[in-house]
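Here's the structure we're looking at; comments come further down.
Residue numbers (the numbering used here): 1092 to 1347.
In structure tokens form, the structure reads like this:
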């Protein structure tokens, strides 16, 4: 009987395919997310807020602090759009800075990661703060520069059960892509966004939300807070920010 080697070839193919899938899974598992966090997302005018640059797999808990040569910048933009650099201190599992919320309106705090000698950022993230009860302006959410995620409704009015449209943009241009949505203390889900149809994110519970996306090996993230129905405060669990402030380690910001 003539020997057939089809089974052997298929075996080699199967092994090769399994190896490729294992490599893909390992790469996915090894990819860390990065995000901005805060200890009060809806502060009163004149207060100070701690902001944290976080990294890891287990939002909202940060696993490690970014090194200086990776973190290119942290920037705060107030309601007038003026940008100021934010100094941060490297702690064990995050980087922390302090911001003065002196004016009512939307304050956007961003960070940029850039590898040494790279031309483009590898990751960009932002967090939204709203100071004052009647000052949430959605036109302030989009920076129109870099890779970013942009909500389509006022975040301060969101409550559990609402749906929030979110678009992906690169230098202001709308993109298609897949968004990953992680709710604080909940599961992670995925949604598609298109240039003519933003993703519609169902907000099933109160708390912080992390939304991430990527485009051509470049990543981005967005963090915002959903309050309980009728809630006025951010309802964020106590952070170590109070101890950090008490230690006199306040970061000073300078003009960009």
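Backbone N, C-alpha and C define an ideal beta-carbon position, used for all residues, glycine too.
- In the structure shown, residue 1231 falls within a helical segment according to DSSP collapsed to helix, strand and coil.
- Residue 1136 is a Cβ neighbour of residue 1223, given a cutoff of 8 angstroms.
- If you ignore the 5 residues before and after residue 1124, its C-beta comes within less than 6 angstroms of the C-beta of 1303, all in its own chain and listed in chain order.
- Within the same chain, Cβ atoms closer than 6 angstroms to the Cβ of residue 1163 are found at 1203 and 1205, the five residues on either side in sequence being excluded.
- For residue 1217, the enclosing beta strand (DSSP E) has its first and last residue at 1214-1222.
- Cα atoms of residue 1187 and residue 1132: separation of roughly 15 angstroms, rounded to the nearest angstrom.
- Shown here, residue 1248 sits in a helix according to DSSP, grouped into three states.
- Your pair residue 1250 and residue 1314 does not check out as a contact, with CB atoms roughly 18 angstroms apart and the cut at 8 angstroms.
- Residue burial is scored here from C-beta neighbours: residue 1149 has fewer than 16 other C-beta atoms within 10 angstroms and is therefore classed as exposed.
- A direct Cα-to-Cα measurement between residue 1267 and residue 1147 gives close to 25 angstroms.
- In this structure, residue 1269 places its C-beta atom within 8 angstroms of the C-beta atom of residue 1283.
- About 14 angstroms separates the beta carbons of residue 1215 and residue 1145, which is beyond the 8 angstroms limit, so they are not a contact pair.
- Excluding the 5 residues flanking it on each side, residue 1309 has same chain C-beta neighbours closer than 6 angstroms at 1238, in chain order.
- Residue 1134 counts as buried, since at least 16 other C-beta atoms from the protein chains shown sit within 10 angstroms of its C-beta.
- Secondary structure of residue 1128 (DSSP, three-state): strand.
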